[in-house]
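Heads up: the structure comes next, in structure tokens.
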Amino acid sequence: MDRKSIVVLVLSMVFLFSWQGLMNKWYPQKPKSAKAGGTNAPASTNLSATKPGSFGEVTTNLAPQSLGTTNTASTNNPAVAAAPSLAFAPAPAPPPEEELLVLDTELTRYTFTSLGGGIKLVELKKHPERVGRLAEFGAGRLTKLNEKAPVPIGALFIAGAVSENTPYTLSKTNGGVNAMLQFPDGSRIVKEFRPSTNYAMDVSVRFENHNPGTKINKPEHYFVTGTATLMNPRDDGFYVKFFWFDGEDRHTTDHRWFLNKTLGCFPGRPRTSYTAEEEALWSSVQNQFFTVTTIPEKPAPRVIAKEIEMPKYTAEELAPGERPKIKKPYAIQSGFAYKTNAIFPGVENALVHNYHMYIGPKVYGTFAKMATSQKNEIDRVMDLNGFIIIDGFFARALLLGMNSLHNQGMTYAWAIICITIIMKLLFWPLTNASTKSMKRMAELQPEMKKLQDKYKDDPQKMNRKMMEFWKENNVNPMGGCWPMLLQLPVFLGFFTMLRSAVELRGGQFLWVTDLAAPDTIGHLAGFPINILPILMGVTMFWQSSLTPASPGMDPTQQKIMRYLPLIFVVFLYNFASALTLYWTVQNLLSVLQTKITKSSDGKKKGDKPAPTKRDDGIIGKGPVKKRKNR
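If you read the sequence shown in the working numbering, its first letter stands for residue 5, the second for the next number, and so on.
The structure is reproduced here in structure tokens:
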């Protein structure tokens with residue numbers, strides 16, 4: 005990698021780190037119908053008015069009397085009274101006792117709660133809570149989704165009737181779990197949870213009216229699709245996000261959107277909730293490696309989300325000497341909103357909402373198959389689309405290639421090394437030509453300087469003579485940049501892929517215990533000691549020392565280039581060790597290529613004829629033909 009390439013890479017890194025924050029500020033992701041401030045829910049269910057930790061309007065804990073307002077279906081008698089209202093009920097009773105029901109599958113353990121009638125906790129049997137050097141501390145503990153969330157997955161909110169504390173009756177069935185809520189007026193809600201294969205689950209919500217001769221006007225209700233929480237105290241929350249897809253675009257909301265800070269630094273008025281009056285084909289709440297994704301059978305008419313404050317980590321949850329990266333843990337909760345519907349008597353007239361859910365690790369192959377079969381671009385849950393269009397393609401290709409090599413028996417670390425070697429071989433001719441071009445430009449620099457001095461008073465003639473000079477000597481001043489520009493999408497694809505590949509979580513290599521985290525081997529005065537970023541910087545210095553200086557570079561630029569490796573060490577010091585492993589191997593291969601190129605040039609140097617002087621005194625390949633006088 006020559007100096008010009010490094011400059012391009014530095015600018016790309018600055019762009020990489022600043023792009024998303026600037027875009028969130030300059031072009032905030034406001035839904036088309038959203039009101040100012042980020043809340044546009046009806047007054048009866050205003051999310052900003054809820055108590056902390058709840059998703060919808062707070063109701064009492066008394067058993068509701070009806071699913072909604074009722075009137076006689078066969079007549080228009082105005083004397084028919086509405087169902088008893090909780091607004092005139094006595095003081096709230098203590099919260100009902102919680103009943104838990106556990107359902108085990110091959111990959112997952114689901115814990116259902118009677119309060120809210122949904123999934124309180126999901127434990128992934130193939131994914132330990134702690135990996136790497138803290139694996140022993142968390143031995144036996146599994147990765148948990150929706151942990152400590154105040155509302156279960158699949159909970160319903162109906163103003164004045166149902167809340168997260170409403171008690172359901174839980175029962176096991178042949179294929180899953182049912183949660184039923186019976187109302188005194190004959191209406192009821194029945195939820196069916198049926199686990200499928202590969203972390204999938206089918207969920208059905210039925211609103212039934214068993215009161216003959218009475219129509220129920222079910223008010224607007226919310227279906228909770230899940231909560232994205234931090235994975236553990238080491239999680240910095242950067243990847244805790246909410247995605248939803250409207251059929252054309254994927255929309256994103258995260259912690260920074262709710263903070264609403266100017267340029268990401270200056271305090272603004274925090275947003276309390278996110279609401280979009282558009283149909284959603286799917287939604288996803290997720291952290292870096294795991295997701296709760298919900299696909300409604302029919303597009304949901306509205307999506308909602310809010311950020312909630314989570315309990316702080318207890319001493320028992322922290323490893324010795326460990327400090328949480330976030331002092332105030334948070335989570336993002338999401339759901340679908342449905343409008344008022346009339347429910348007529350009879351099971352055949354029940355209102356049914358069906359959902360297909362995926363609660364597990366973000367595995368690209370799984371979502372790619374779903375996207376192909378359902379044609380809903382659900383693979384965008386993986387967030388593999390990068391900063392330019394083409395690097396998303398490379399991210400997918402590199403991830404598939406890495407998994408293919410792993411399936412052949414390689415560890416993920418060796419798969420990364422192998423892919424790096426393959427990419428280096430593919431770009432070898434371009435890089436080799438670039439190195440030779442840069443070296444040739446450096447050799448011709450004195451003659452170029454003479455041309456510039458000779459024609460300094462005539463810029464047009466100087467440019468023409470310079471072009472002739474480059475052509476005669478078969479050099480291209482842009483030759484050193486093209487290889488890097490062509491490799492940039494590959495690097496960005498690698499960066500995008502490695503930051504969210506769950507396959508790398510817990511991957512080991514030499515002293516590295518987790519390829520998805522920094523390779524920290526200890527701390528010095530509280531500062532982490534990461535070996536790979538340091539090796540990356542050393543190999544960058546080595547590579548830089550072997551690369552010929554770019555023509556015309558002034559002393560200031562040379563100093564900047566000299567300290568660029570140190571800048572990259574600072575940039576990538578706390579990045580995933582998989583990324584710094586890739587870059588270190590890339591640097592070593594570049595050093596090897598430079599040495600091979602120099603050795604080859606040294607052998608061929610004596611075979612080339614000496615350059616001759618042109619008529620204008622400039623050394624070139626041969627004399628310039630004299631033009632005939634006209």
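Ideal placement from N, C-alpha and C gives every residue a C-beta, glycine not left out.
Short Cβ contact (8 angstroms threshold) for residue i with residue j
i           : j           : result
residue 544 : residue 579 : no
residue 354 : residue 519 : no
residue 308 : residue 338 : yes
residue 263 : residue 333 : no
residue 371 : residue 382 : yes
residue 174 : residue 101 : no
residue 542 : residue 421 : no
residue 232 : residue 335 : yes
residue 278 : residue 257 : yes
residue 105 : residue 116 : yes
residue 550 : residue 425 : no
residue 452 : residue 473 : yes
residue 149 : residue 385 : no
residue 291 : residue 239 : yes
residue 509 : residue 161 : no
residue 380 : residue 286 : yes
residue 298 : residue 203 : no
residue 207 : residue 197 : yes
residue 244 : residue 122 : no
residue 469 : residue 448 : no
Whole-angstrom C-beta distance between residue j and residue i, which should lie under 8 angstroms
i           : j           : result
residue 347 : residue 222 : 6 angstroms
residue 250 : residue 282 : 5 angstroms
residue 184 : residue 192 : 6 angstroms
residue 397 : residue 494 : That belief does not hold up - the Cβ atoms of residue 397 and residue 494 are roughly 10 angstroms apart, past 8 angstroms.
residue 246 : residue 300 : The pair is not a contact, with the Cβ atoms about 16 angstroms apart (cut-off 8 angstroms).
residue 526 : residue 533 : 5 angstroms
Buried versus exposed call for residue i [16 or more other C-beta atoms within 10 Å across all chains shown]
i           : result
residue 412 : exposed
residue 511 : buried
residue 180 : buried
residue 315 : exposed
residue 342 : buried
residue 587 : buried
residue 471 : exposed
residue 461 : exposed
residue 408 : exposed
residue 378 : exposed
residue 467 : exposed
residue 242 : exposed
residue 215 : buried
residue 176 : exposed
residue 547 : buried
residue 357 : buried
residue 39  : In this prediction, residue 39 has a pLDDT of 40, which is less than 50 and means its spatial position is unreliable; what the coordinates show is noted afterwards. That one is exposed.
residue 199 : buried
residue 133 : buried
residue 45  : Because the pLDDT at residue 45 is just 38, under 50, the model does not fix this residue reliably, and the point stays unresolved.
residue 212 : buried
residue 603 : exposed
residue 320 : exposed
Span of the alpha helix (DSSP H) around residue i
i           : result
residue 433 : 416-458
residue 546 : 535-550
residue 652 : Absent from the model: residue 652. The displayed extent of the chain is 5 to 634, so no value can be given.
residue 412 : First-last for residue 412: undefined, no H or E at that position.
residue 261 : 259-263
residue 375 : 368-378
Residues that residue i bridges to, as DSSP identifies them
i           : result
residue 275 : BP columns for residue 275 are empty, so no partner.
residue 600 : Beta-bridge pairing links residue 600 to no other residue.
residue 183 : 174, 195
residue 252 : Answer by DSSP bridge pairing: none, since residue 252 is not bridged.
residue 335 : 312
residue 109 : DSSP, once it has assigned bridges, lists no residue as partnering residue 109.
residue 127 : 113, 148
Limits of the beta strand (DSSP E) - the one that residue i falls within
i           : result
residue 229 : 225-232
residue 302 : Element bounds for residue 302: n/a, residue is neither H nor E.
residue 244 : Premise fails: residue 244 is in no beta strand (DSSP E) and is neither H nor E.
residue 511 : Counting along the chain, residue 511 falls outside any beta strand (DSSP E), and DSSP gives it neither H nor E.
residue 142 : Note, residue 142: premise wrong, no beta strand (DSSP E); not H, not E.
residue 161 : 160-162
residue 212 : 204-213
residue 355 : 355-365
residue 290 : 286-290
Chain B contact for residue i (CB, 8 angstroms cutoff)
i           : result
residue 371 : Annotation note: the requested chain B is absent from the structure, which comprises a single protein chain.
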